[in-house]
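K.L.:
Take 538 as the starting number for the sequence shown in the numbering used here and just add one per residue.
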Amino acid sequence: EQSVEVYPLALAYRNLAVYWNSEGDLARGNDYTQKALALDPKDPYNLVFAAVFMAASGHGDEALKIARANVKLLPASYNLAAIYAQNGQREKALAFLKRHFFQYERYQAVRAKEMMEARVDAVFDSLREDPAFVALTRDADGRLRMPMKPMSSQPVTNK
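1. Shortest alpha-carbon distance to V657 belongs to which of D678, Q539, A600?
2. Taking 7 Å as the limit between beta carbons, can you name the residues of its chain near A630, skipping five residues before and five after?
3. Report the rounded CA-to-CA distance for A575 versus D568, giving the unit in angstroms.
4. Can you find at least 3 beta carbon pairs, one from the segment 583-601 and one from the segment 633-640, that sit closer than 8 Å?
5. Quick one: residues in its chain with C-beta nearer than 6 Å to the C-beta of A606, no 5 flanking neighbours on either side, listed in chain order?
6. Counting only the same chain and skipping the five closest in sequence on each side, list residues whose C-beta sits under 7 Å from that of A588.
7. Whose C-beta lies closer than 7 Å to the C-beta of E538 among residues of the same chain, with five residues either side of it excluded?
8. Pull up the CB-CB distance for P612 and Y641, whole angstroms please, since I reckon it's below 8 Å.
9. What number of angstroms, rounded off, separates the C-alpha of V555 from the C-alpha of S540?
10. Comparing C-alpha positions only, which one of V671, L584, V647, V608 sits nearest to A547?
11. Measure the beta-carbon distance from A573 to F586 and round it to whole angstroms, keeping in mind my assumption that it falls under 8 Å.
12. D667 and L649 - do their beta-carbons sit closer together than 7 Å?
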């Protein structure tokens, strides 16, 4: 958090949002997401990142609109998958996760960690027991599972 006081970059705010979400503090994560958006409201990565929160807080249609407008952003594939998963669009979610793992991620060690992340990420709760999801994240087999609270269990308000 001290780094954004010196270098208030949208990417730094998004990284803080990821951290606080992983700690289960969705309100704080959303605050940092909103700060990233305030710095650069037209940046497609900010928009897709924020759309994950929109989907989690009941604004699925708005999130899907952003996702559809940004499907070509290869580095956003994980977040695009998250948006589709939270909106019950299994096939699209799995397709974007596959793209993330096998087109965007270049190194097997990173890919395996990303697969483990997907298995415990609350945004993929709807896919957690899906055989296709389990097969897609097979490189996470045997790694520690850390339960997370579903994103929808905590109130999040968009500013």
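Each residue gets a CB set at the ideal place from its N, CA and C atoms; glycine is no exception.
P.N.:
Judging by the given coordinates:
1. D678
2. A618, Y621, A622, L664
3. 10 Å
4. no
5. none
6. A600, I603, A604, I620
7. If we look at E538 and ignore the five residues flanking it on each side, its Cβ neighbours are L553.
8. Yes, they are in contact, since the Cβ atoms of P612 and Y641 sit about 6 Å apart, within 8 Å.
9. 15 Å
10. L584
11. 7 Å
12. The sequence shown places Ala at residue 649, not Leu. No; because the gap between Cβ atoms is not below 7 Å, this pair is not in contact.
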